[in-house]
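**Student:**
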Amino acid sequence: IDSYRNVDGVLVGWPGYSWLFYYGYNLGIFLPSLTALMITLQFKQLSIFWASIRHEWPVLVIGFGMLLIAELLPRFGLAYLPDRAWLFIVLMLSLLIPYAINLLIGKYSWASKMIALIMFGSIAMGSYVTYAKQGWMTNAESAAIPFIQTQTDKSAIFFGQGGSRPAIRYFAERTLVTPPEEIFLSHDKDVVKKYLDDQITNRQLAFEQIRARRLALADSLAQLSLDVKGLRNKSDTIAFKEKADQLIEQMANGQYDESTSVESNIVDNLPIYILYDRTKFNSLYGQRVWWRSSNFYGADTDKFTYSYPLIYNERGVMIWKVR
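Letter by letter, the sequence shown follows residues 37 to 359 in my numbering.
1) Name the one or two DSSP bridge partners that W356 has.
2) Count the other CB atoms, across all protein chains shown, that sit within 10 Å of the CB of D234; report buried if there are 16 or more and exposed otherwise.
3) Just verifying my parser: in three-state terms, what is the DSSP assignment at G131?
4) Taking the alpha-carbon of F220 as reference, which of V353, G101, I98 and T337 has the nearest alpha-carbon?
5) Quick one: what does DSSP say F332 is sitting in, helix, strand or coil?
6) Given this structure, state the Cα-to-Cα distance separating L153 from G199, to the nearest angstrom.
7) Going along the chain, which residues of its own chain have a beta-carbon closer than 6 Å to the beta-carbon of P215, five neighbours each way excluded?
8) At the level of alpha carbons, what is the spacing between Q323 and G334?
9) Take G352 and list the residues in its own chain whose beta-carbon comes closer than 6 Å to its own, dropping the five residues that flank it on each side.
10) Using DSSP bridges, identify the partner residues of L221.
11) So what's T211 in DSSP terms, helix, strand or just coil?
12) When burial is assigned at 16 or more other CB atoms within 10 Å of the CB, is I347 buried or exposed?
13) For A106, which residues in the same chain have their Cβ closer than 7 Å to its Cβ, ignoring the five residues on either side in sequence?
14) Rounding to the nearest angstrom, what Cα-Cα distance links T341 and F207 in this structure?
15) Which value, in whole angstroms, describes the spacing of the CA atoms of D281 and D255?
16) Write down the C-beta distance between G101 and V165 rounded to the nearest angstrom, noting that I regard them as a contact closer than 8 Å.
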């Protein structure tokens, strides 16, 4: 599980020792410890346990199917949310736990205390791993939200990391644009200015293309008005309907509309800021390739300070005002 790509081609494995936390989070330590306890006490316990759960074959079938999704298929290049499949595996296994507990407690008087100790350790382990996985909303970023709410206009656009979406869009109620990676990784101090200039040029080209399509639409509509006067038979009517349907579909797809995307608003002289949170790499997510990539790990922030005023710099979160 240390290195695999999902269906979108993104490298989302858990490298190095972090795979221990992956299984600790998804499987916990209760089930493995319970199994190990049964094997240690007496191998015969497993055969008795199996005999008692054979009638639960639907649970076993579903659990096995999910295990294929979680563990086997990713190793053959087909990874469709294997970590989500672990949830169903654990749910299926949890239905079988009472059989194992009943077997152990019925045979060993001290088993109840051992099981309680294992449960406590599993809860503690799960709580720690859950805390260590945080990253989408860091404490440092949370502390910056009041500043954003009070010191920036509601129409402001933020160039930021992919992991800043909850903080910027939901909590601060501002617009977040995740720009090309060279905005953060490049050492060119004029990279932001060049990017904004490109946006202006691209929007102008898009408007020109829309104008050309609208002129072509006007010609097509004029031709349709002439064609409708010349309808003489069924075949003419069918051909006319096909042309009309094609134009209606093009208009429904927005081929003649001006862009209303977030990126198109960049050129509308709205306030623009840059936000970068260094603490996003302090959690377990910080070891994963896809997280580093989407959050611009190793960004050159000095070029922003050289070109724009640094208006916020607290606990690893920095905000620059572009305009």
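Backbone N, C-alpha and C define an ideal beta-carbon position, used for all residues, glycine too.
**Tutor:** If we stick to the structure as given:
1) I310 and L346
2) exposed
3) The question names Gly, yet the displayed sequence has Leu at residue 131. L131 falls in the coil class under three-state DSSP.
4) T337
5) coil
6) The alpha-carbon of L153 is positioned some 37 Å away from that of G199.
7) F195
8) 13 Å
9) Here the set comprises A176, R314 and T315.
10) Paired residues: none, contrary to the question.
11) strand
12) I347 comes out exposed.
13) P118, A121, W122 and I125
14) 26 Å
15) 16 Å
16) That belief does not hold up - the Cβ atoms of G101 and V165 are roughly 25 Å apart, past 8 Å.
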